[in-house]
Amino acid sequence: PIFRVYPFEDKSGKQYLILTEKVIKGNIQDEKSSKKSIKAFNVSFEEDKTVKIRWTITDYINENESSIWFWTRYLRLKDLDNDGFVDPIVVYGTKSIYGEHFEEGRVKIITYHLGKKIVIRHQNSEMDDARHTQVDKSFYALPLSIKKKVYDIIDLLEDNGHSLFNSELKDQIKNSLKIQKNTTSSDKGETIDEFLQRAKKA
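Read left to right, the sequence shown gives residues 144 to 345 (the numbering used here).
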């Protein structure tokens, strides 16, 4: 069933992000209800009235998980790098059969930039050795403002108790944000501090 629909528009036209979840038991609108699979569709209506599916996201629970759902509080549908195209960031996670909350579940942060999918895959764990994160190499080539927004989402995930990332990974992403203080953003000639403040508000 459809969980949420989000309309948005950019230079490529009006689009919709449709989030669907398959419920095992309970109400689809209730985060506490168990769900066994998710699917997202980014669609647009073309001039000839046909529907174009631009991209999809699909995932399922595994044998060690009891539920999976979209974490819409972290969803971002904004043009983060001022190129005229929306840069969707979609976050979802799972609940493990081990632990009461998010201690052993998975988290995915998926970013789309100019149609290209870039993923951060994270496995939560209370044990340091079992906690790991895989970052697509293309993430580090993203515009600074998009990387900064993803870093802010990682901070929010930790603040809300939904994830715990190893400090090495956070430092690696943070280091990719560092540039010379006298460097200016190419789009409006602003200082880097002004640029980062604007990116945080986006």
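All C-beta atoms, glycine included, are put in the ideal place defined by N, C-alpha and C.
It should be emphasised that the depicted structure is a prediction, and the values quoted were computed from it without experimental measurement.
For N318, the enclosing alpha helix (DSSP H) has its first and last residue at S310 to S319. With a cutoff of 8 Å on beta-carbon distance, K178 and W212 are scored as near each other. Out of I296, E246 and I200, the CA that lies nearest to the CA of H275 is found in E246. It is roughly 23 Å from the alpha-carbon of E301 to the alpha-carbon of P286. Using a Cβ distance threshold of 8 Å, S319 and K292 do not count as a contacting pair. Cβ-Cβ distances below 7 Å link D222 to D153, F228, V229 and D230 in the same chain, with the five nearest sequence neighbours on each side left out; the list follows chain order. With 16 or more other Cβ atoms inside 10 Å of its own Cβ, G248 counts as buried. From the listed residues I232, D191 and F146, the smallest Cα separation to I296 is found for I232.
Per DSSP, the beta-bridge partners of G156 are D153.
Apart from sequence neighbours up to five positions away, the residues of its chain that approach F282 with a beta-carbon distance below 6 Å are I261, ordered along the chain. Closest option to N207, judged by alpha-carbon separation, among V186, G242 and N170: G242.
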